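Numbering (the working numbering), first residue to last: 2 to 238. Ideal Cβ placement from N, Cα and C applies to all residues, glycine included. Bear in mind the structure is a predicted one, so any value in this text is a computation, not a measurement.
And the structure:
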């Protein structure tokens with residue numbers, strides 16, 4: 002795992018004949034580093050009892066459980082997969098052609114089970130490899146995320162106050178849409194400038210709304226203060 006300082010296991014078989022390895026990547030999403038794979042291949046070639054391997058996997062998974070994949074926790078799920086691969090040293094079974102040993106057969110079955118449990122909404126074949134299942138999860142999830150992102154962006158940038166909407170209601174709805182946008186985007190200074198314009202814009206072609214009514218009344222100053230206070234609050238979150 003690229004975010005960790007990886008060292009080969011002291012028990013690794015230095016004479017392993019399997020030398021062809023690479024990082025694990027699917028649909029341009031990196032799952033495990035080349036060092037992760039090398040270490041995993043070395044561990045796979047050790048003569049270790051299956052029950053020992055199984056107990057180790059289950060003990061690690063208890064401490065670092067793989068969460069259920071939802072429409073809003075992709076980053077957490079992805080990082081959990083990376084961490085599990087790093088801790089269990091099982092990355093080699095996500096190669097398109099991994100060596101067949103007792104260890105890799107166990108790891109493959111274990112990962113197939115865990116991936117299906119954590120993402121039951123992704124349909125996969127019964128005989129598919131860990132890489133094939135993971136690829137299906139990544140491809141379908143990324144497609145869903147792109148669709149959700151377009152919806153979130155559209156809801157935010159097309160938001161307008163309707164007739165007789167109070168400042169409090171407007172700000173509450175705006176904050177909800179803003180938080181959705183923030184969860185799916187990096188908010189830049191230019192976006193903040195556009196947001197402020199969105200909050201205070203006045204389109205003469207639109208029917209009278211709360212913003213226009215506020216501009217025409219003594220509440221105009223209060224409206225501007227409320228908007229600025231809301232922006233300041235959102236920046237701190």
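Take residue i and list the residues in its own chain whose beta-carbon comes closer than 8 Å to its own, dropping the five residues that flank it on each side.
i, result
"residue 2", "At residue 2, the pLDDT of 48 sits below 50, so the modelled position is not reliable; the number obtained from the coordinates is stated separately. Here the set comprises 33, 34, 37, 83, 84, 86 and 87."
"residue 205", "Low per-residue confidence applies at residue 205: pLDDT is 43, beneath 50, and the placement is therefore not dependable, though the value from the model is reported in the following sentence. Cβ neighbours of residue 205 beyond the five flanking positions: none."
"residue 119", "67, 68, 69, 70 and 78"
"residue 100", "19, 42, 45, 46 and 93"
"residue 12", "Reliability fails at residue 12, whose pLDDT of 35 lies under 50, so the model's placement of it is uncertain and the value that follows must be treated cautiously. Closer than 8 Å at Cβ, skipping near neighbours: 44 and 47."
"residue 126", "133"
"residue 145", "72"
"residue 159", "none"
"residue 23", "35, 38 and 96"
"residue 61", "85, 88 and 89"
Spatial neighbours of residue i within its chain, please: C-beta separation below 7 Å, excluding the five flanking residues on both sides.
i, result
"residue 1", "This structure gives no information on residue 1, because the portion of the chain shown stretches from 2 to 238."
"residue 97", "132"
"residue 141", "123"
"residue 180", "none"
"residue 170", "none"
"residue 217", "Because residue 217 sits at a pLDDT of 46, beneath the cut-off of 50, its placement in the model cannot be relied upon, and the following sentence gives the value as read from the coordinates. Within the same chain, residue 217 has no close Cβ partners at all."
"residue 15", "Bear in mind that a pLDDT of 37 at residue 15, under 50, signals an unreliable position, so the number given afterwards is only what the model happens to contain. So the list is empty, once near-sequence residues are dropped."
"residue 137", "123 and 125"
Can you tell which of the options has its C-alpha closest to the C-alpha of residue i?
i, options, result
"residue 143", "23, 44, 79 and 45", "79"
"residue 49", "75, 92, 106 and 66", "106"
"residue 74", "23, 104, 176 and 149", "149"
"residue 51", "23, 43 and 103", "103"
"residue 156", "145, 167, 130 and 177", "177"
"residue 115", "72, 145, 175 and 65", "65"
"residue 31", "129, 61, 139 and 113", "139"
"residue 128", "121, 153, 113 and 136", "113"
"residue 147", "72, 61 and 53", "72"
In chain order, what residues of the same chain have a beta carbon less than 6 Å from the beta carbon of residue i, not counting five sequence neighbours either side?
i, result
"residue 21", "Only weak support exists for where residue 21 lies, its pLDDT of 42 falling under 50; the coordinates are left without a value."
"residue 121", "none"
What distance in whole Å lies between the Cβ atoms of residue j and residue i, which are believed to be in contact at a cut-off of 8 Å?
i, j, result
"residue 91", "residue 55", "Between residue 55 and residue 91 the Cβ distance is about 12 Å, and since that is not below 8 Å, they are no contact."
"residue 153", "residue 182", "6 Å"
"residue 172", "residue 95", "At roughly 47 Å, the Cβ-Cβ gap does not stay under 8 Å, so residue 172 and residue 95 are not in contact."
"residue 109", "residue 81", "Between residue 81 and residue 109 the Cβ distance is about 19 Å, and since that is not below 8 Å, they are no contact."
Please tell me whether, using a cut-off of 7 Å, the distance from the CB of residue i to the nearest non-hydrogen atom of the ligand NAP is below it.
i, result
"residue 96", "Ligands are entirely absent from the displayed structure, and the ligand NAP is therefore not among its contents."
Quiz item: What are the uninterrupted segments assigned as alpha helix (DSSP H) that are 4 or more residues long and contained completely in the stretch 35-121, given in chain order?
Solution: 35-45, 51-64, 75-89 and 103-119
Exercise. Would you mind listing the alpha helix (DSSP H) stretches within the stretch 125-190 that are 4+ residues and don't spill past its ends, in chain order?
Key: 131-158 and 168-185
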